[in-house]
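**Q**
Numbering (our numbering), first residue to last: 328 to 587.
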């Protein structure tokens, strides 16, 4: 049995995954709060109490997790009814702890570094969790909670966490968007996208096995501008993808210029 009781505010993917992780580690989850009970179906599956967020009603729990959008963190933290002994924690990578520090004397950050989706279960044991507290004691408490649900816990200040979050955006959102545009292109050109899946997997595995820049291949690295020009012409009907390809080509050409 863990020492800290908690409540969660939020109904999105982070809230549902954390609730699931905490529940299965026997934490006392007093309640999950959201603007609408309709969005808290996951609470029924876990037999966790759920309530509509009402700023006039005190939120119970030693630790209050704010699993809300970045833009809502300050508003929610400013309006919830809590006592001085309670720790208020947000779960954002890019929001500075100062947003909470201005509001509550005990606060912190509990940032799981992963992209969560409603219909895809993620085992948080493999997800790095970054923690920060406005005091050493609070940071240690958050680290204890994090170690209960994850195999990797890192203490990061707001500045370093924001840089890490930006890196996460690039490897997650940008890469996913590029793959999505290629899927779109493949569908319109009647190509079987699954033929590319082994290549995608191998590319990611190689990139993760060492210095990805040393493993770059292709015409842009070789400086074969004629091939690049022909490929861009083939994308004339796909201006967004053509623009992305041209930006990548120019950056790769420039980066490996001295190697040719």
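Think of the CB as a built atom: it goes at the ideal place given N, C-alpha and C, for glycine as much as any other residue. Note that the structure is a prediction, hence the values are computed from the model and not measured.
On the three-state DSSP scale, how would you describe residue 455?
**A** Numbered from its first residue, the chain shown carries residue 455 at position 128. Coil at residue 455, not helix or strand.
**Q** From which residue to which residue does the alpha helix (DSSP H) around residue 376 run?
**A** One-based indexing of the chain shown puts residue 376 at position 49. From DSSP, residue 376 is part of no alpha helix (DSSP H); its letter is neither H nor E.
**Q** Taking the C-alpha atoms as reference points, what is the distance between residue 567 and residue 505?
**A** Start at 1 with the first residue of the chain shown, and residue 567 comes out as number 240. Start at 1 with the first residue of the chain shown, and residue 505 comes out as number 178. Their Cα atoms are separated by approximately 10 Å.
**Q** Quick check: the stretch 424 to 434 against the stretch 363 to 382, are there 3 or more CB pairs under 8 Å?
**A** no
**Q** Alpha carbon to alpha carbon, what distance is there between residue 528 and residue 375?
**A** As a first step, residue 375 is located in the chain shown; it is residue number 48 there, counting from the start. As a first step, residue 528 is located in the chain shown; it is residue number 201 there, counting from the start. Looking at the two C-alpha atoms, the distance is approximately 38 Å.
**Q** In the structure shown, what three-state DSSP assignment does residue 483 receive?
**A** Residue mapping note: residue 483 aligns to position 156 of the chain shown, counting from 1. Correct three-state label for residue 483: coil.
**Q** How is residue 544 classed by DSSP in three states: helix, strand or coil?
**A** Counting from 1 along the chain shown, the entry for residue 544 is found at position 217. Of the three classes helix, strand and coil, the one that applies to residue 544 here is coil, per DSSP.
**Q** If I'm right that residue 433 touches residue 414 with Cβ under 8 Å, what's the distance once you round it to whole angstroms?
**A** By one-based count along the chain shown, residue 433 stands at place 106. By one-based count along the chain shown, residue 414 stands at place 87. About 5 Å; that satisfies the 8 Å criterion.
**Q** Residue 451 and residue 348: beta carbons closer than 8 Å?
**A** Taking the chain shown and counting its residues from 1, the one referred to as residue 451 is at position 124. Taking the chain shown and counting its residues from 1, the one referred to as residue 348 is at position 21. Contact flag set, yes.
**Q** Pop quiz: residue 336 and residue 391 are said to be a contact at Cβ under 8 Å. What is the actual Cβ separation, rounded to whole angstroms?
**A** Stepping through the chain shown from its first residue, residue 336 is reached at position 9. Stepping through the chain shown from its first residue, residue 391 is reached at position 64. Residue 336 to residue 391, Cβ: 7 Å. Contact.
**Q** So what does DSSP say about residue 408, is it helix, strand or coil?
**A** Taking the chain shown and counting its residues from 1, the one referred to as residue 408 is at position 81. Residue 408: strand per DSSP, three-state reduction.
**Q** Locate the beta strand (DSSP E) running through residue 358, then write down its first and last residues.
**A** Your numbering for residue 358 matches position 31 in the chain shown. Looking at the DSSP string, the run of the beta strand (DSSP E) that includes residue 358 is 355 to 361.
**Q** Just to check, is the beta-carbon of residue 520 closer than 7 Å to a non-hydrogen atom of the ligand COA?
**A** This structure does not include the ligand COA; it has no bound ligands of any sort.
**Q** Between the C-alpha atoms of residue 569 and residue 530, what's the straight-line distance to the nearest angstrom?
**A** Here residue 569 is taken as the residue at index 242 of the chain shown, counted from 1. Here residue 530 is taken as the residue at index 203 of the chain shown, counted from 1. Going from the Cα of residue 569 to the Cα of residue 530 covers about 21 Å.
**Q** Rounded to whole angstroms, what's the CA-CA distance from residue 386 to residue 470? Just pull it up for me.
**A** For the purposes of this step, residue 386 is taken as residue 59 along the chain shown, with counting starting at 1. For the purposes of this step, residue 470 is taken as residue 143 along the chain shown, with counting starting at 1. Rounded to whole angstroms, residue 386 to residue 470 spans 22 Å at the Cα level.
**Q** Rounding to the nearest angstrom, what Cα-Cα distance links residue 354 and residue 555 in this structure?
**A** In the chain shown, the residue the question calls residue 354 occupies position 27. In the chain shown, the residue the question calls residue 555 occupies position 228. About 56 Å.
**Q** Would you mind reading off the limits of the alpha helix (DSSP H) that contains residue 507?
**A** The sequence position of residue 507 within the chain shown is 180, counting from 1. From DSSP, the alpha helix (DSSP H) with residue 507 extends over 502 to 515.
**Q** Taking buried to mean at least 16 other C-beta atoms within 10 Å of its own C-beta, is residue 439 buried or exposed?
**A** As a position in the chain shown, residue 439 is number 112, starting the count at 1. Per the 10 Å Cβ criterion, buried.
**Q** If residue 419 sits next to residue 398, beta carbons under 8 Å apart, how far is it from one beta carbon to the other, in whole angstroms?
**A** As a position in the chain shown, residue 419 is number 92, starting the count at 1. As a position in the chain shown, residue 398 is number 71, starting the count at 1. No, residue 419 and residue 398 are not in contact; Cβ-Cβ is about 10 Å, not under 8 Å.
**Q** Judging by CA-CA distance, which residue of 512, 364, 405 and 444 is the nearest neighbour of residue 572?
**A** Position 245 of the chain shown holds residue 572. Minimum Cα distance to residue 572 is reached at 512.
**Q** Mapping DSSP to helix, strand and coil, what is residue 329?
**A** Stepping through the chain shown from its first residue, residue 329 is reached at position 2. Unreliable positioning characterises residue 329 in this predicted model, as indicated by a pLDDT of 48, which lies under 50. A coordinate reading is not provided.
**Q** Could you tell me the distance, in whole angstroms, from the CA atom of residue 388 to the CA atom of residue 515?
**A** Taking the first residue of the chain shown as position 1, residue 388 is located at position 61. Taking the first residue of the chain shown as position 1, residue 515 is located at position 188. Taking C-alpha positions only, residue 388 is separated from residue 515 by approximately 52 Å.
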